[in-house]
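Residue numbers (my numbering), protein chains in the order written: chain A, 1 to 792; chain B, 1001 to 1161.
Beta carbons are placed, not taken as given, at the ideal position from N, Cα and C, and that holds for glycine.
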């Protein structure tokens, strides 16, 4: 009987599942260290205030309290560093105010940590935190970019005049002005991209540990990139040399971007553990997550398209105000620039594009990358703009997209905003999506719904994503202060089994399965004999972690390179054993053979020989079969696709229900179709959440209104439908696997598909645009008149 | 401090707890059963669902002292002693109904109770409504619904044996 196929293209069931379905996962909060104490962070309940005094005496006298720390105790350590620097239009660097671990002199957002209380039990630490006497003097606060930019707005940082972080631009302004000057028609749209809270189901956790005898610090943390945390915290905050700092990110319960960043609690617990010589554990409560995990999106934009009389796009002009929150999160400045404005060509051949982005400090939680990061904002802007063009001009929304698509034969395609797309076929994804969604049958379904008193709408969106986040040189030119390569160490054991140490990190993506499939494919080793290791800086080489759909495209490619080295060395060993020339050795299906003969050695025999080198070409090669490769790609990867959403609105309640959702994506070569489908479905669910349900809401005093699952509408099973996923793949031309990435496509393509459907359903009411989320209240107000402005 | 005596996964335990200790804290911190997770502080997410005397319960919303004398089953106690998985666990794996795995224990425990309480069988819509108390951020629920749908057939067939 043949073994089941477990290589590239097989829906192998996941290796990691057995421990998760059995309750045997090892999440950070499941870890407890001997003699550990518990930290609780006292956070600001005010958006903007001067810290007049902090009296810790009563708290210190509470039972079980070990220590109370404030900024005064942390004077010797650095602030949390920003990993990305953006230059202004005039070339000057962005304003980069300090992001202290504990608030210094002022609090700048609700949730800003003021003090760290440490006690023998968590309950004691919480009780003591309540006993702190903190006197705050309120200052005027701003939650929106427009409030923060208004004349007379309170200064949030002394060294960020006018609350501006940077004023940046990209594209050819003159060419774009010229396109507008000759336009037959210009369509302009103002739009907001709503602020979201990532809400991975596992709250953040940090455990600091210290061994005085070795000087070794250990941080267990819920991170997507333990080496990045080690570098940032060790080098910039605490001054711990890297060989004395171990960062472990074990099983991590979802990230979606929010666990990329270096957070204050990680530094606080690591620092306090050394100070107290006891392990210090902090576990976020969900309410803390809402006010301390980096938020996502929050753009306020104006977009204009210049068109000729046939509906051809001549030029695009975009002006965006990006809310960065109260402090710079690790990659906050990158999101509205490198990950957003460079994407504004989308799937279209628009010849001239000019975008300006002003990034603004506000009294809100810092904003950083959340699933899709910048690319959903670009896609929402473009795809709402295209539908608005059709609304204003009468062009057909399918035809106008097709006529402006980058043609199939135009790849590689250089956009006017820095990127060069290597491959894609936007016609194929659109054709398949429309067929799968029975677009042609929509009028009949609309009529049937109308007969029942319901409003049906259908929406299309197309998108282009740049992911596989890398290449280092391009990222560096655009402001990255780190490399964005990836690394893999492939260790073949003497008996022929394989352990791969990858610099990527899995927090739901299923790397232990997918990456093992690459080994099955390339080395011919059975899946059961492959182990994937990630998440511990003491075990893995210096890798950059997982975000921006990079693990397979960058990390997988590093594995392929390392395995190439294994095969090259194996051929030399085989040539020696088989007394043949290296050039005559072929490797296939786990066997090294002499071409044209039946003489062969198995992979296992070669592995054993490498470690028991009795009969071995010892003067030519070293013993052992253990290779490392770093991979820094030549370009991003460029997934694209088309999403089609059908909604039905109940005019009585204003509730919008998704009836059908079809996503057809080009993600490059698929390694595990089951996992790709799951990734797309999950991303689409988050996109539907953004479009219909989710909204991180601040009031006009910058108080966080939606601060718990009671107030922030997370998508639940009965808010969603089955999500139909298809692929129409073109291969990436520059990585060895031809893969592009699938982690973010769902969240990028879906929000405008939903909103285009909602606007379509409400077309009889004269709606031109609606900002997200399309809440029942907004929709009901439109249908029942009077408050149409609420939708804008 | 109050003493709580309860049977967890067939094993009797007697534990001293503070009166304010939650059942989930007893399970995780006192008994080391870390399969039951805490995902929120408002009883919304369902990551902490266990069975108490045969009913699914959010263990973050029950005091440990309320479970005195109760029979509790956690995710660690769902499979047979020889490691044979419960059909719900099997179907979650077969249908890729989990990604990060954090909501999974609560999701599985809720699903088992939902299916057991509905021997007549559930439509996919009814399954979705039945999961109203459990949040998952990874899967979009699509595959969770599929897994529960597949498991209910297996569970009812087994119950009929």
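- The DSSP-derived three-state label of residue 776 of chain A is helix.
- Straight-line measurement puts the Cα of residue 395 of chain A at about 7 Å from the Cα of residue 311 of chain A.
- Against chain A, a Cβ distance below 8 Å from residue 1118 of chain B picks out nothing, because the smallest value is about 15 Å.
- In this structure, residue 224 of chain A sits near residue 505 of chain A, with a CB-CB distance shorter than 8 Å.
- Taking 8 Å as the cut-off, the beta carbon of residue 198 of chain A is found no closer than this to the beta carbon of residue 292 of chain A.
- Out of A/208, A/95, A/175, A/700, the CA that lies nearest to the CA of residue 277 of chain A is found in A/208.
- The beta carbon of residue 531 of chain A does not come within 8 Å of any beta carbon belonging to chain B, so the residue lies off that interface.
- Taking the Cβ atoms as the reference, residue 124 of chain A lies roughly 19 Å from residue 205 of chain A, outside the contact range of under 8 Å.
- Distance from the CA atom of residue 640 of chain A to the CA atom of residue 730 of chain A, rounded to whole angstroms, is 10 Å.
- Interface annotation for the segment 12-25 of chain A against chain B: 13, 14, 16, 17, 18, 19, 20, 21, 22, 23, 24, 25, criterion Cβ-Cβ distance under 9 Å.
- About 6 Å separates the beta carbons of residue 142 of chain A and residue 702 of chain A, which is inside the 8 Å limit, making them a contact pair.
- The alpha-carbon separation between residue 1036 of chain B and residue 1094 of chain B amounts to approximately 22 Å.
- Boundaries of the beta strand (DSSP E) around residue 136 of chain A: 133-138.
- Among the CB atoms of chain B, none fall inside 8 Å of the CB of residue 647 of chain A.
- Of the other Cβ atoms in all chains shown, fewer than 16 fall within 10 Å of the Cβ of residue 1161 of chain B; this residue is therefore exposed.
- Using a Cβ distance threshold of 8 Å, residue 687 of chain A and residue 751 of chain A count as a contacting pair.
- For residue 1104 of chain B, the secondary structure class from DSSP, reduced to helix, strand or coil, is helix.
- Residue-level contact by beta carbon fails for residue 1051 of chain B and chain A, as no gap is shorter than 8 Å.
- At a beta-carbon threshold of 9 Å, none of the residues of chain A lie near residue 1055 of chain B; the nearest stands roughly 19 Å away.
- Contact holds between the segment 3-17 of chain A and the segment 512-524 of chain A, because three or more Cβ pairs, one in each stretch, are under 8 Å apart.
- Taken residue by residue, none of the segment 1146-1158 of chain B has a beta-carbon sitting less than 7 Å from a beta-carbon on chain A.
- Spatial neighbours of residue 1145 of chain B in its own chain (CB-CB distance under 8 Å, excluding positions within 5 residues in sequence) are listed in chain order as 1124, 1127, 1128, 1131.
- Between residue 203 of chain A and chain B, the shortest Cβ-Cβ separation is below 8 Å.
- Here DSSP, grouped into helix, strand and coil, assigns residue 312 of chain A to coil.
- Here residue 309 of chain A is exposed: its Cβ has fewer than 16 other Cβ atoms, across all protein chains shown, within 10 Å.
- Contacts between residue 1108 of chain B and chain A, judged by CB atoms closer than 7 Å, involve 21 in chain order.
- Proximity of residue 720 of chain A to chain B, defined by a Cβ-Cβ separation below 8 Å, is satisfied.
- For the segment 289-375 of chain A, the continuous beta strand (DSSP E) assignments of 3+ residues that do not extend past its boundaries occur at 299-307, 313-325, 352-361, in sequence order.
- When DSSP states are grouped into helix, strand and coil, residue 419 of chain A belongs to the coil group.
- Listed in chain order, the beta strand (DSSP E) elements of length 3 or more contained wholly in the segment 646-709 of chain A are 655-666.
- Between residue 409 of chain A and the set A/417, A/421, A/398, the nearest pair of CA atoms involves A/421.
- Using a Cβ distance threshold of 8 Å, residue 330 of chain A and residue 261 of chain A count as a contacting pair.
- Ranking A/668, A/59, A/280, A/226 by CA distance to the CA of residue 503 of chain A puts A/226 first.
- Three or more beta-carbon pairs separated by less than 8 Å link the segment 552-560 of chain A to the segment 481-493 of chain A, which places the two stretches in contact.
- When DSSP states are grouped into helix, strand and coil, residue 577 of chain A belongs to the helix group.
- Counting along the chain, residue 49 of chain A sits inside no alpha helix (DSSP H); it lies in the beta strand (DSSP E) bounded by residues 49-55.
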